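Residue numbers (our numbering): 252 to 468. I have placed the structure first, in the form of structure tokens, so that the comments after it can refer back to it.
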Amino acid sequence: MRKLRLGVMISGGGTNLQALIDACQQHGYPAKIEVVISNRPDAKGLERARTAGLKAVAIDHKEYEERAAFEDAIHDCLTEHKVQLVCLAGFMRLLGADFVGRWKDRMINIHPSLLPSYKGLHTHARALEDGVKFAGCTIHYVRPEMDNGPIIMQAAIPIAPDETEESLIAKTLTYEHRMYPAAVRLIAEGNARVSGHKVVIKEDVALPATGLICPLP
Ligand code: GRF
């Protein structure tokens with residue numbers, strides 16, 4: 252089996268990166284990580300990559316006067332490693348339209364909300380403030396507008412009456428860690444296809460029989 256070649260881009264702790272590392276170490280998983288890139292040289296995720304024996308590269312945005320040059324350096328690194336799918340996993344710099352266009356339908360992102368609600372930062376606190384009953388997380392193809400693009404996979408996460416921002420962040424991350432490897436598998440196995448603004452999932456991929464209701468009726 253030919254494995255899909257991944258490039259993972261991070262800025263911080265890299266728990267989603269770790270979930271992908273762990274998945275790629277499973278026998279028969281259809282993808283492998285070729286390179287991990289961080290715009291922050293001190294990102295803990297770079298250590299995680301090195302510990303796993305992966306190529307870990309810091310491309311520090313502060314060393315570039317212009318965003319285009321910074322993004323060219325990332326692009327060159329990804330192409331040098333023959334990356335086929337870029338996985339943004341807590342990469343905290345906005346990417347320009349040129350870069351995004353070069354990786355159109357070959358770059359995905361994970362965001363801690365049920366998009367299109369709560370784009371941007373502080374998603375959990377904003378959901379709690381609004382009193383919504385479900386939070387969630389989303390994996391989507393990247394388009395130039397922030398946190399926008401065809402949605403591949405989502406989890407709806409019930410908000411408990413005593414939920415705090417901290418508990419919701421932790422709970423959401425457990426779903427993120429399950430979803431990211433699953434979404435990459437969908438793509439690697441050819442079961443997800445972009446069609447216009449949507450992602451079409453192959454019919455024979457299992458879906459849950461029921462939705463989630465919170466609070467339970
Ligand atoms: C995650 O919540 C992800 O959804 C968001 O940034 C966070 C990254 O966390 N885009 P980690 O670095 O993977 O632990």
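Every residue, glycine too, gets a C-beta built ideally from N, C-alpha and C. Quantities reported herein were computed from a predicted structural model and do not represent experimental measurements.
Burial state of residue i, where buried means 16 or more other Cβ atoms lie within 10 Å
i    : result
A439 : buried
R299 : buried
E317 : exposed
A457 : exposed
G258 : buried
C465 : exposed
H373 : exposed
R291 : buried
G371 : exposed
L467 : exposed
Any non-hydrogen atom of the ligand GRF closer than 8 Å to residue i Cβ
i    : result
C275 : no
A434 : no
G371 : no
C338 : no
I410 : no
T415 : no
H362 : yes
C328 : no
S446 : no
T423 : yes
Unbroken beta strand (DSSP E) run spanning residue i, endpoints
i    : result
H391 : F385 to Y392
G258 : L255 to I261
A407 : I402 to P409
Nearest-angstrom Cβ-Cβ length linking residue i and residue j, presumed shorter than 8 Å
i    : j    : result
A348 : L365 : Rounded, the Cβ-Cβ distance is 25 Å, inconsistent with contact.
I361 : N267 : 6 Å
I310 : I359 : So it is not a contact: roughly 19 Å between Cβ atoms.
Under 9 Å between C-beta atoms of residue i and residue j
i    : j    : result
G296 : G264 : yes
V393 : V337 : yes
L463 : P409 : yes
P401 : V450 : yes
S368 : A378 : yes
Y431 : A274 : yes
K306 : E322 : no
P363 : L437 : no
First and last residue of the uninterrupted alpha helix (DSSP H) at residue i
i    : result
I438 : E416 to A439
R291 : Looking at the DSSP string, R291 is not in any alpha helix (DSSP H), and its letter there is neither H nor E.
Q512 : Outside the displayed span of the chain (252 to 468) sits residue 512, for which this structure offers no information.
A324 : R318 to E331
H375 : T374 to D381
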